[in-house]
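Q: For reference, the structure I am asking about is given below.
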Amino acid sequence: MSGHSKWANIQHRKGRQDEKRGAAFSKIAKEITVAARMGGGDASFNPRLRVAVDKAKGANMPKDRIDNALKKGTGELEGVEYTEARYEGYGVGGAALIVDCLTDNRTRTVADVRHAFNRNGGNMGADGCVAFQFTHCGQLLFAPGTDEDALMEAAIDAGAEDVLTNDDGSIEVLTAPNDYVQVKEALEGAGFSSEFGQVTMKPGNEVELTGDDAAKMQKLIDALEDLDDVQDVYTSAVFGD
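Numbering (this note's numbering), first residue to last: 264 to 504.
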């Protein structure tokens, strides 16, 4: 068994996100607006919008804020035009980082992201320098003690791509990005409620950090996540016991 717990790492990350819930509302609203602008305002035909709205509901985002963000995307309300930007680099111990942004000013955003890397012991790299180490997928995590056989059967029936049992007993169900909400809802209908779920960039290989290295890496992640234009930060770093 490795020195880190998948369950503990996910719970830690969920806790950090909950602490930043107010700021998260603004970021989720941006994602809803962009998703609606790109794929239309009907979530039934727009997988990206379904994921964004599901994320909003999971964060207990007020319905009026969801509706306003949606209307900005469909043009019913005036809104800012955002574009997508992705930056990549390395943190402590060579752990990889992907930083996804929505911005109305790329010059400002790239400067802010580079500054966060440089001030916190990281190195911003060229496009594509670490993306190959990650897989774009939906991820649902179930608590240790969940009936593995029953969950696996239900997940396969729901269209999941893979089911992984971790050393700590937690179980991950992986999906195609566009199938995430569909699989999540199907599993809930079968009586399985995930403790954590997201559409993510999942690292193929993890870098375990402990002590001061873990603290420094967390500081870098926090600095990036605190930037207004940053939507998501993905990393290969995991934090050991």
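Note that the Cβ used here is the ideal one computed from N, Cα and C, for glycine as well.
#1: Go through its chain and collect everything with a Cβ distance to ARG328's Cβ below 7 Å, but skip five positions before and after it.
#2: Determine the direct distance from the alpha carbon of GLU294 to that of ALA315, and round the result to whole angstroms.
#3: Closest to SER457 by CA distance: which of GLU469, TRP270, ASP491, ALA406 is it?
#4: Would DSSP call TYR224 helix, strand or coil?
#5: My output table needs one value for PHE395: the three-state DSSP class, helix, strand or coil.
#6: When we look at the beta-carbon of LYS320 and count the other beta-carbons within 10 Å, is it buried (16 or more) or exposed?
#7: What residues are listed by DSSP as bridge partners for GLN461?
#8: Do the stretch 398-416 and the stretch 368-376 touch if we need at least three Cβ pairs shorter than 8 Å?
#9: Please report the straight-line C-alpha distance between ALA417 and ASP431, rounded to a whole angstrom.
#10: State buried or exposed for ARG313, treating a residue as buried only when at least 16 other CB atoms are found within 10 Å of its CB.
#11: Measure the beta-carbon distance from VAL496 to VAL362 and round it to whole angstroms, keeping in mind my assumption that it falls under 8 Å.
#12: Just the C-alpha distance for THR498 and GLY385, rounded to the nearest angstrom, thanks.
#13: Do the CB positions of VAL436 and ALA423 come within less than 8 Å of each other?
#14: To the nearest angstrom, how far is it from the Cα of ALA379 to the Cα of ASP420?
#15: Should the stretch 473-486 be called in touch with the stretch 351-358, which here means at least 3 C-beta pairs below 8 Å?
#16: For the beta strand (DSSP E) holding ASP425, just list the boundary residues, first then last.
A: To lay it out plainly:
#1: Here residue 328 refers to the residue found at position 65 of the sequence shown. For ARG328, where only same-chain residues beyond five positions count, the Cβ hits under 7 Å are PHE288, ALA292.
#2: For the purposes of this step, residue 315 is identified with residue 52 of the sequence shown, where counting begins at 1. For the purposes of this step, residue 294 is identified with residue 31 of the sequence shown, where counting begins at 1. Roughly 6 Å separates the two Cα atoms.
#3: As a working note, residue 457 is residue 194 in the sequence shown. Ranking GLU469, TRP270, ASP491, ALA406 by Cα distance to SER457 puts ALA406 first.
#4: The requested residue 224 does not occur in the structure, where the chain is confined to residues 264 to 504.
#5: Position 132 of the sequence shown, counted from the first residue, corresponds to residue 395. Reduced to three states, the DSSP call for PHE395 is helix.
#6: What you label residue 320 is simply residue 57 of the sequence shown in a count that begins at 1. Exposed: under 16 other Cβ atoms inside 10 Å.
#7: Reading the sequence shown from its first residue, position 198 is the one you call residue 461. Paired residues: GLN402.
#8: no
#9: Taking the sequence shown and counting its residues from 1, one reaches residue 417 at position 154. Taking the sequence shown and counting its residues from 1, one reaches residue 431 at position 168. Going by the C-alpha atoms only, they are around 21 Å apart.
#10: Position 50 of the sequence shown, counting from 1, holds the residue named residue 313. It is buried - the Cβ of ARG313 has at least 16 other Cβ atoms within 10 Å.
#11: Position 233 of the sequence shown, counted from the start, is the residue given in the question as residue 496. Position 99 of the sequence shown, counted from the start, is the residue given in the question as residue 362. Confirmed, Cβ separation roughly 5 Å.
#12: For this step, residue 498 is matched to residue 235 along the sequence shown. For this step, residue 385 is matched to residue 122 along the sequence shown. Looking at the two C-alpha atoms, the distance is approximately 12 Å.
#13: Counting from one through the sequence shown, the residue named residue 436 turns up at place 173. Counting from one through the sequence shown, the residue named residue 423 turns up at place 160. The answer is yes: Cβ separation under 8 Å.
#14: Working through the sequence shown from its first residue, we reach residue 379 at position 116. Working through the sequence shown from its first residue, we reach residue 420 at position 157. Cα-Cα distance, rounded: 43 Å.
#15: By the criterion of at least three beta-carbon pairs nearer than 8 Å, the stretch 473-486 is in contact with the stretch 351-358.
#16: In the sequence shown, the residue the question calls residue 425 occupies position 162. Looking at the DSSP string, the run of the beta strand (DSSP E) that includes ASP425 is 425-428.
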